Amino acid sequence: MSFIRFGSVAALLVLAGLPTSSIAAEEGRLVFAARPKASEIKAAFPAGASVTGDAEVECVIADKGALADCKVLSEYPMNRGFGAAALGLSDRYKAKVKDESGASAVGRKISYSLEFLAPGDANPDWVRKPTGQDLAGVFPVAAVKAGKDGRAVIRCRVTTEGFLDRCAVLSESPAGLGFGHSALALAPQFLMSPKIRAGQRVETEVTVPINWAGLAEGGFASVGKERLILDPPWKSAPSLAQVEAAWPKAAAGEDNGQAALRCGIKETGALDDCEVISELPKGRGFGKAALGLADHFKVSVGPGDAKLVKLIHVDVPFRFRPPGATGRQLTKPRWIQMADAEGLAMAFPQAARKAGVKNGLGVVSCAVTTEGRLADCEAAREEPAGLDFAASAMIVAGSMRMNPWTKEGDPVDGQRIRLPIRFEGGGDEEEGAAEAPATPAKP
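This is the structure:
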């Protein structure tokens with residue numbers, strides 16, 4: 285936990301990785317007043333073990349918060365000494381003698397879990413956290429108008445490169461003021477060291493609670509109508525080749541880099557007045573590289589949106605990798621154009637109609653173009669077989685388009701996606717449905 289200040293604004297930022305202990309209670313929430321230090325957990329690693337393990341222990345709260353009658357509930361791997369190691373640390377815990385409601389905790393059960401890291405193993409740790417200025421930059425306008433601070437909790441995957449991916453809002457408080465959205469806006473500016481197991485980087489998940497404190501009254505005297513948006517529907521975005529070509533010469537020897545821009549939007553949809561709001565590592569040219577790519581972006585702007593775009597700013601994240609590096613993944617595309625019921629009905633295979641089959645599934649594997657369209661599709665599977673559902677799925681796939689730039693900061697071109705298309709109702713317009721991995725976006 286760190287208390288961050290800038291200017292007259294204070295923000296409480298809480299960033300947590302995977303938990304090393306958990307608390308269970310029969311009634312009310314029981315709280316530990318003391319826990320073992322990291323050095324004590326490290327020293328308790330079982331002598332006969334060679335891999336990372338964990339254990340859960342249950343105890344009874346005795347007088348003055350000491351733990352008694354402790355027993356091992358679980359350990360993994362078994363018979364490696366992790367249960368005994370966790371039991372041996374029970375005297376380093378002390379529970380509060382009252383729960384959070386004020387009732388006595390003495391005599392009630394409480395549990396804790398510990399993870400013991402093998403030599404060389406590591407859990408994710410923070411390389412870059414957002415600053416107080418970052419927090420203020422995404423403070424929701426609705427919260428300023430309401431004069432309220434807030435809190436949000438997001439859960440993200442940590443990639444093997446240390447980027448935060450697939451972030452989702454778990455909770456926000458107060459609800460409806462935009463703190464969850466603001467927390468997601470910060471995610472592309474985080475960087476962590478990856479999880480290490482047996483000398484290999486592995487993916488994992490982290491929970492990130494963020495508190496905004498002192499911001500509702502700090503430096504936001506005038507509130508306009510401007511809005512900050514994330515992941516807009518892009519009409520165009522840089523290609524993989526353009527991003528690789530932008531790799532800074534000053535970044536030689538780096539495994540990756542990241543940056544984020546905040547830009548206005550012109551009536552044409554082009555970006556305007558971009559500024560670098562984050563860069564990591566600093567001084568290696570990633571912010572300048574991001575600025576050099578800004579001209580390749582264009583937001584899809586509708587005929588009646590010309591006045592609206594003047595009130596909008598957009599945050600654009602970038603992930604940079606050395607040319608030829610691997611690591612990009614397309615896990616959950618955002619669809620900005622999908623097949624409608626009429627298109628699905630028209631594509632319903634004639635072979636299935638003749639056979640009297642009303643429902644089917646076609647699965648295709650397609651390459652993604654620079655514009656986010658699907659090309660070079662191949663049949664992967666169909667049910668029932670032999671009725672052309674895969675061929676019809678290829679027709680439908682040709683009408684779809686995904687956002688060409690991900691919300692994490694990667695181009696999508698060059699990736700392949702496996703897409704299931706479900707046909708229902710024998711081709712009736714009102715009953716056709718596409719099975720797609722994301723909800724259609726509204727430009």
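Sequential numbering from 285 applies to the sequence shown in the working numbering.
Quick reminder that beta carbons are idealized off the backbone N, C-alpha and C, glycines included.
If you're wondering where the values come from, they're calculated on a predicted model, not measured in any experiment.
Assumed close pair residue i, residue j - CB separation to whole angstroms, cut-off 8 angstroms
| i | j | result |
| --- | --- | --- |
| Asp409 | Ile480 | With a Cβ gap of about 10 angstroms, Asp409 and Ile480 do not count as contacting. |
| Asp449 | Arg618 | Actually they are not in contact, since the Cβ atoms of Asp449 and Arg618 sit about 14 angstroms apart, beyond 8 angstroms. |
| Val341 | Leu314 | Going by Cβ atoms, the distance from Val341 to Leu314 rounds to 14 angstroms, so no, they are not a contact pair. |
| Gly411 | Val442 | Correcting the residue identity first, residue 411 is Val in this sequence and not Gly. Not confirmed; about 11 angstroms, so no contact. |
| Met476 | Gly446 | 5 angstroms |
| Ala387 | Ala317 | That pair is no contact at about 16 angstroms. |
| Leu671 | Val641 | 6 angstroms |
| Ala543 | Gly571 | 5 angstroms |
| Leu555 | Phe581 | 5 angstroms |
| Thr444 | Glu487 | 6 angstroms |
| Val680 | Leu628 | 6 angstroms |
| Asp433 | Ala535 | No, Asp433 and Ala535 are not in contact; Cβ-Cβ is about 38 angstroms, not under 8 angstroms. |
| Ser523 | Thr690 | Wrong, their Cβ atoms sit about 13 angstroms apart, outside the cutoff. |
C-beta contact flag for residue i and residue j at 9 angstroms
| i | j | result |
| --- | --- | --- |
| Pro704 | Ser520 | no |
| Leu373 | Pro320 | yes |
| Arg364 | Gly391 | no |
| Glu462 | Phe602 | Looking at the sequence itself, residue 462 is Gly, so the reference to Glu does not match. For Gly462 and Phe602, no; Cβs fall outside 9 angstroms. |
| Phe707 | Ala636 | yes |
| Ala436 | Ile494 | yes |
| Gly656 | Ile620 | yes |
| Met678 | Ala623 | no |
| Leu575 | Val560 | yes |
| Arg605 | Asp539 | yes |
| Gly424 | His465 | Checking the displayed sequence, the identity of residue 424 turns out to be Pro instead of Gly. Contact: yes. |
| Phe474 | Pro565 | no |
| Ile438 | Ala471 | yes |
| Ala674 | Val652 | no |
| Arg702 | Ser649 | yes |
| Ala530 | Ala573 | yes |
| Pro517 | Val583 | yes |
| Ala339 | Ser358 | yes |
| Val344 | Ile394 | yes |
| Arg511 | Leu419 | no |
| Val598 | Arg546 | yes |
| Ser676 | Ala631 | yes |
| Phe369 | Phe329 | One detail in the question is off: residue 369 reads as Ala in this sequence, not Phe. Cβ atoms of Ala369 and Phe329: closer than 9 angstroms. |
| Ala663 | Gly682 | no |
| Lys355 | Val381 | no |
Delimiting residues of the beta strand (DSSP E) encompassing residue i
| i | result |
| --- | --- |
| Met476 | Leu475 to Ser477 |
| Phe423 | Looking at the DSSP string, Phe423 is not in any beta strand (DSSP E), and its letter there is neither H nor E. |
| Gly646 | Gly644 to Val652 |
| Gly434 | Gly434 to Val442 |
| Ser455 | Leu448 to Ser457 |
| Gln621 | Trp619 to Gln621 |
| Leu512 | Arg511 to Leu514 |
| Val411 | Asp409 to Arg412 |
| Ala317 | Phe316 to Ala318 |
Start-to-end residues for the alpha helix (DSSP H) that takes in residue i
| i | result |
| --- | --- |
| Phe400 | Where Phe400 is concerned, there is no enclosing alpha helix (DSSP H), although the beta strand (DSSP E) it sits in stretches over Lys393 to Phe400. |
| Asp539 | Where Asp539 is concerned, there is no enclosing alpha helix (DSSP H), given that its DSSP letter is neither H nor E. |
| His465 | Phe463 to Leu470 |
| Val680 | Phe673 to Ala681 |
| Val527 | Leu524 to Ala529 |
| Arg364 | Note, Arg364: premise wrong, no alpha helix (DSSP H); not H, not E. |
| Ser323 | Ala322 to Ala327 |
| Gln634 | Gln634 to Lys638 |
| Ala631 | Ala625 to Ala631 |
Identified DSSP bridge partners for residue i
| i | result |
| --- | --- |
| Val381 | The partner list for Val381 (beta bridge, DSSP) is empty, contrary to what the question assumes. |
| Gln417 | Answer by DSSP bridge pairing: none, since Gln417 is not bridged. |
| Trp689 | Pro695 |
| Lys355 | Glu342 |
| Glu662 | Ser649 |
| Arg728 | It is not possible to answer for residue 728, since the shown part of the chain is limited to 285 through 727. |
| Asn495 | Arg435 |
| Glu489 | Arg441 |
| Gln613 | Bridge partners of Gln613: none, in fact. |
| Ser334 | BP columns for Ser334 are empty, so no partner. |
| Ser520 | Lys582 |
| Ala730 | Shown here, the chain extends from 285 to 727; a query on residue 730 therefore has no answer. |
| Arg706 | Leu645 |
| Arg657 | Arg685 |
| Ser238 | For the chain, the structure presents residues 285 to 727; residue 238 sits outside this window and is missing. |
Test: residue i CB closer than 9 angstroms to a CB of chain B
| i | result |
| --- | --- |
| Gln473 | Absent here is chain B; the protein component of the structure consists of one chain. |
Continuous beta strand (DSSP E) assignments of at least 3 residues falling wholly in the stretch 542 to 611: Restricted to the stretch 542 to 611, the beta strand (DSSP E) segments that are unbroken, complete and at least 3 residues in length are 555 to 564 and 596 to 604, listed in chain order.
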